[in-house]
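Enquirer: Okay, handing you the structure first.
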Amino acid sequence: MKINLKNGIDKLIFGMKQKDVEAVYGKPDRNYKDEDDNIIFVYNKFKMRLTFYKDEDFKMGYIVASAANLELFGNKVIGRNIKDVKKDLAPKGITKFAQEEFDTFENYFDENHWLLFQTEFNEVVKVEVGAIINDKDEFDWKFGKK
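Taking the numbering used here as reference, the numbering of the sequence shown is continuous, increasing by one, and the terminal residue is 1268.
As structure tokens, this is what we get:
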């Protein structure tokens, strides 16, 4: 599954509604509301968790994924050393990562692309991508745009 920075993952495009996602991937294995009343879809088969924001008319704006077949710019990311993943991204201009550590995990976050890699023991175990916020402090929804 291809990570499309600023747009989504695979056939998922930021700005989709629940019905749009279900038309592509079917009913989720689980769905629930988080503490902010956002709706969360969980797809076990794809190892993805999708967030539909309540304050944005329940548009999908965040994806957490850990499937082994996730690719970014043609390179697999899950299970790889973070140094190698960052080395692959450098020629694409993705070099500024804020780093945060907790327990055995580390997060590497690039705000410009709303991309986060979570690692454990220097190995990428999870990727998070989010919709971009534009200069007007609004989400830049991609779904439905030509």
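Where a beta carbon is used, it is the ideal one built from N, C-alpha and C, also for glycine.
Indicate whether M1138 and M1170 have their beta-carbon atoms separated by less than 8 angstroms.
Expert: No; because the gap between Cβ atoms is not below 8 angstroms, this pair is not in contact.
Enquirer: For the region 1156–1221, list the beta strand (DSSP E) runs that are entirely contained and at least 3 residues long, ordered along the chain.
Expert: Taking only runs of at least 3 residues, the beta strand (DSSP E) segments lying wholly in the region 1156–1221 are 1161–1165, 1170–1175, 1181–1187.
Enquirer: How about the region 1185–1195 and the region 1144–1154: do they share at least three Cβ pairs that are nearer than 8 angstroms?
Expert: Taking 8 angstroms as the limit for Cβ pairs, the verdict is that the region 1144–1154 does not touch the region 1185–1195.
Enquirer: Excluding the 5 residues preceding and the 5 following N1203 in the sequence, name in chain order all residues of the same chain whose CB lies nearer than 7 angstroms to its CB.
Expert: Within the same chain, N1203 has close Cβ partners N1244, E1245.
Enquirer: Which residues in the same chain as F1195 place their Cβ atom closer than 8 angstroms to its Cβ, once the five residues preceding and following it in sequence are excluded?
Expert: So the qualifying residues of the chain are D1210, L1211, K1214.
Enquirer: Measure the beta-carbon distance from A1253 to F1163 and round it to whole angstroms, keeping in mind my assumption that it falls under 8 angstroms.
Expert: With a Cβ gap of about 15 angstroms, A1253 and F1163 do not count as contacting.
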